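Student: If you read the sequence shown in our numbering, its first letter stands for residue 149, the second for the next number, and so on.
For reference, the structure I am asking about is given below.
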Amino acid sequence: MPTDVPDNLQSAGQTLWDCIVIGAGPAGSLAARQLAKDGMRTLLVDRKSFPRDKVCGACVNHRALTALNAAGLQHVVRTCGGIRLSHFDLRAGGKHVRLNLPGGLAVSRHRLDAALFDAARDAGAVTLSRVGASVLPRESDAAHRDVQLTVANTSSSTKAVVRGKTVLAADGLGHPSLRKLNEFTDSISANSRIGLGGILRDDAAHPAFEHFKPGVIYMATGAQGYVGMVRVENGHLNFAAAVDRSGYRSASAPQTMLADIMQTAGYGPLPIGDLQLTGTPELTRRINRVASDRVFVVGDAAGYVEPFTGEGMAWAFAGGLSVAPVIRQSLDDSASAGLAETRWQQHWNQQIASRQRWCRRLTWLLRRPRAIDVAMKTACVFPRLTSPIIQSMNASFAG
149 MPTDVPDNLQ SAGQTLWDCI VIGAGPAGSL AARQLAKDGM RTLLVDRKSF
199 PRDKVCGACV NHRALTALNA AGLQHVVRTC GGIRLSHFDL RAGGKHVRLN
249 LPGGLAVSRH RLDAALFDAA RDAGAVTLSR VGASVLPRES DAAHRDVQLT
299 VANTSSSTKA VVRGKTVLAA DGLGHPSLRK LNEFTDSISA NSRIGLGGIL
349 RDDAAHPAFE HFKPGVIYMA TGAQGYVGMV RVENGHLNFA AAVDRSGYRS
399 ASAPQTMLAD IMQTAGYGPL PIGDLQLTGT PELTRRINRV ASDRVFVVGD
449 AAGYVEPFTG EGMAWAFAGG LSVAPVIRQS LDDSASAGLA ETRWQQHWNQ
499 QIASRQRWCR RLTWLLRRPR AIDVAMKTAC VFPRLTSPII QSMNASFAG
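Shown next as structure tokens:
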């Protein structure tokens, strides 16, 4: 019986699951929902409880919406109260350009992740929250993978080992669930930035924030990084930033660093001293493989590039939707499990990693003040030149 509380942890060990999905973010929940919908015995676990906040730009772009449409979940973001996005407002060095967006919605991860978690459960997945997971090294030629689950609280720590014919790691940056497996390694960019995020509550908003209108993604770029802001469904202002580690360490407070980036870019002095911020590990990284020996990797766990206008959510949805049939293939014919792993590696490279190229190029650009200055001047005079970039990032999901 589906449950989102850890009371049934021990009973979960009595089932041989078709797939154990670790991480209930957009990629993990969508994959679990698709697998369960097709009758697969699916266990979805996450170390957090829902609803919960997460560092994110809070933007679901046009491509992400088409992936949800393909899954029959087009109603989810709108049910969460998502605000339609129409423009991208970019400022750097006092210059300003506003670009049209082909669609998309702004919605907090607080609501969206909880809704997707519920969708997976409603489809038949067994869900466990507040449960950490670690994939154990495979024993000889066992036809399953063992995953150790841990429920921790202030008084005790409860553990259990569950078995799955396959495992899907969708647990975010650094994929902590795979740390005991030597076959998966991360390559972190030497100049990788870290992420910072927070939400300025509407009742705490200062008059200076009144010009940040719903439906617009605002971005301030500077030498130390960039800050994105967007109004989400409850009127609150969501902040998401990628900043240099050196500047972060030397700043008197991360709020001061973000305020300096925004003011230098041209947004004026903004009082964000009370903004509660959460950080992330290094952002830009690559994993050496996305499948090995009945273990598949998807979402941020499979590699990350700094996104700008909702691409991160698109990669997550596209990955979660695409990996489900690959896992089903490996379950239908256990002898072809290796072929399924090769298929997923190829699909990831062709359909997801290749689509991150514009963000890699923009990341390179945003680290070079002179290049930013030239790009801003060009965009101001010839805004149509930006259309190929916007269209590429928002191209419809085609499976």
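C-beta atoms are modelled at their ideal positions from N, C-alpha and C, and glycine is treated no differently.
Fair warning: this is a prediction, and the values are worked out from it, not measured in the lab.
Does the beta-carbon distance from residue 275 to residue 166 come in below 9 Å?
Tutor: Position 127 of the sequence shown, counting from 1, holds the residue named residue 275. Position 18 of the sequence shown, counting from 1, holds the residue named residue 166. Not closer than 9 Å, so no.
Student: Secondary structure at residue 386, three-state DSSP: helix, strand or coil?
Tutor: Locating residue 386 in the sequence shown gives position 238, where the first residue counts as 1. In the structure shown, residue 386 sits in a strand (DSSP, three-state: E or B).
Student: Have a look at 363, 273, 219, 264 and flag the residue whose alpha-carbon is nearest the alpha-carbon of residue 382.
Tutor: For the purposes of this step, residue 382 is taken as residue 234 along the sequence shown, with counting starting at 1. For residue 382, the nearest C-alpha among the options comes from 363.
Student: Taking 8 Å as the limit between beta carbons, can you name the residues of its chain near residue 476, skipping five residues before and five after?
Tutor: Residue mapping note: residue 476 aligns to position 328 of the sequence shown, counting from 1. Closer than 8 Å at Cβ, skipping near neighbours: 183, 186, 188.
Student: Throw me the rounded Cβ distance for the residue 462 and residue 212 pair, which I believe falls under 8 Å.
Tutor: In the sequence shown, counting from the first residue as 1, residue 462 sits at position 314. In the sequence shown, counting from the first residue as 1, residue 212 sits at position 64. Sure, about 4 Å apart at Cβ, within 8 Å.
Student: Return the CA-CA distance between residue 386 and residue 415, expressed in angstroms with no decimal places.
Tutor: The residue labelled residue 386 in the question sits at position 238 within the sequence shown. The residue labelled residue 415 in the question sits at position 267 within the sequence shown. Straight-line Cα distance between these residues: approximately 16 Å.
Student: What first and last residue would you give for the alpha helix (DSSP H) that runs through residue 400?
Tutor: As a first step, residue 400 is located in the sequence shown; it is residue number 252 there, counting from the start. Premise fails: residue 400 is in no alpha helix (DSSP H) and is neither H nor E.
Student: Using 8 Å for Cβ pairs, my map puts residue 194 next to residue 160. What's the rounded Cβ distance?
Tutor: To locate residue 194, count along the sequence shown from 1; it is residue 46. To locate residue 160, count along the sequence shown from 1; it is residue 12. Actually they do not touch by this definition, with Cβ atoms about 14 Å apart.
Student: Give me the residue from 292, 310, 473 with the minimum Cα distance to residue 298.
Tutor: As a working mapping, residue 298 is identified with position 150 in the sequence shown. The shortest Cα separation from residue 298 among 292, 310, 473 belongs to 310.
Student: How would you call residue 209, buried or exposed, if buried means at least 16 neighbouring beta carbons within 10 angstroms?
Tutor: Working through the sequence shown from its first residue, we reach residue 209 at position 61. Burial call: buried.
Student: Work out the CA separation of residue 359 and residue 487 for me, nearest whole Å.
Tutor: Position 339 of the sequence shown holds residue 487. Position 211 of the sequence shown holds residue 359. The straight-line gap from Cα to Cα measures roughly 53 Å.
Student: Can you round the beta-carbon distance between residue 335 and residue 268 to whole angstroms, since I take them to be within the 8 Å contact cut?
Tutor: Walking along the sequence shown from the start, residue 335 turns up at place 187. Walking along the sequence shown from the start, residue 268 turns up at place 120. At roughly 31 Å, the Cβ-Cβ gap does not stay under 8 Å, so residue 335 and residue 268 are not in contact.
Student: Could you check which residue in 307, 318, 278 has the C-alpha nearest to that of residue 158?
Tutor: Start at 1 with the first residue of the sequence shown, and residue 158 comes out as number 10. Closest by alpha carbon: 307.
Student: Based on Cα-Cα distance, which residue from 235, 170, 361, 377 lies nearest to residue 278?
Tutor: Translated into the one-based positions of the sequence shown, residue 278 becomes position 130. Of the listed residues, the one whose Cα sits closest to residue 278 is 170.
Student: Got a sec, what are the start and stop residues for the beta strand (DSSP E) residue 344 sits in?
Tutor: In the sequence shown, residue 344 corresponds to position 196, counting from 1. That run of the beta strand (DSSP E) goes 342-348.
Student: Which partner residues does residue 207 have in the DSSP bridge list?
Tutor: In the sequence shown, the residue the question calls residue 207 occupies position 59. According to DSSP, residue 207 bridges with 254.
Student: Return the chain-ordered list of same chain residues with a C-beta closer than 7 Å to the C-beta of residue 292, the five sequence neighbours on each side being excluded.
Tutor: As a first step, residue 292 is located in the sequence shown; it is residue number 144 there, counting from the start. Closer than 7 Å at the Cβ level, and outside the excluded window around residue 292, lie 164, 311, 312, 313.
Student: Please return the same chain residues whose Cβ sits closer than 6 Å to the Cβ of residue 151, not counting the five positions on each side in sequence.
Tutor: Here residue 151 refers to the residue found at position 3 when the sequence shown is read from its first residue. For residue 151, the pLDDT reaches just 49, beneath the cut-off of 50, and the residue's location in the model is therefore unreliable, leaving the point undetermined.
Student: By Cβ distance below 6 Å, which residues in the same chain neighbour residue 156 in space, the five residues on each side in sequence not counted?
Tutor: The residue you call residue 156 lines up with position 8 of the sequence shown. Taken in chain order, the list of residues that qualify is empty.
Student: Between residue 242 and the rest of its own chain, which residues show a CB-CB distance below 7 Å, the 5 nearest in sequence each way excluded?
Tutor: Looking up residue 242 in the sequence shown gives position 94. For residue 242, where only same-chain residues beyond five positions count, the Cβ hits under 7 Å are 414.
Student: Using 10 angstroms around the beta-carbon of residue 545, count the other beta-carbons present and answer buried if the total reaches 16, otherwise exposed.
Tutor: Here residue 545 refers to the residue found at position 397 of the sequence shown. The pLDDT assigned to residue 545 is 49, lower than 50, so where the model puts this residue is not dependable; a value taken from the coordinates is nonetheless given after this. Residue 545 comes out buried.
Student: Would you call the CB atoms of residue 344 and residue 429 closer than 9 Å?
Tutor: By one-based count along the sequence shown, residue 344 stands at place 196. By one-based count along the sequence shown, residue 429 stands at place 281. It is not a contact, given that the beta carbons lie outside the stated cut-off.
Student: Along the beta strand (DSSP E) that carries residue 193, what are the first and last residues, could you check?
Tutor: The sequence position of residue 193 within the sequence shown is 45, counting from 1. Here the beta strand (DSSP E) through residue 193 covers 190-194.
Student: CB residue 255 to CB residue 220, shorter than 9 Å?
Tutor: As a working note, residue 255 is residue 107 in the sequence shown. As a working note, residue 220 is residue 72 in the sequence shown. Not in contact: residue 255 and residue 220 (Cβ atoms no closer than 9 Å).
Student: Can you tell me which residues form a DSSP beta bridge with residue 165?
Tutor: Mapped onto the sequence shown, residue 165 falls at position 17. Partner(s): 312.
Student: Quick check on the burial criterion: 16 or more other C-beta atoms within 10 angstroms. Buried or exposed for residue 273?
Tutor: On the sequence shown, position 125 is the one that residue 273 refers to. Buried is the call here.
Student: Would you kindly check if the distance between the Cβ of residue 427 and the Cβ of residue 395 is under 9 Å?
Tutor: Sequence index remark: in the sequence shown, residue 395 carries index 247 (1-based). Sequence index remark: in the sequence shown, residue 427 carries index 279 (1-based). Contact: no.
Student: Tell me which residue opens and which closes the beta strand (DSSP E) that residue 238 is part of.
Tutor: Translated into the one-based positions of the sequence shown, residue 238 becomes position 90. Counting along the chain, the beta strand (DSSP E) containing residue 238 begins and ends at 235-240.
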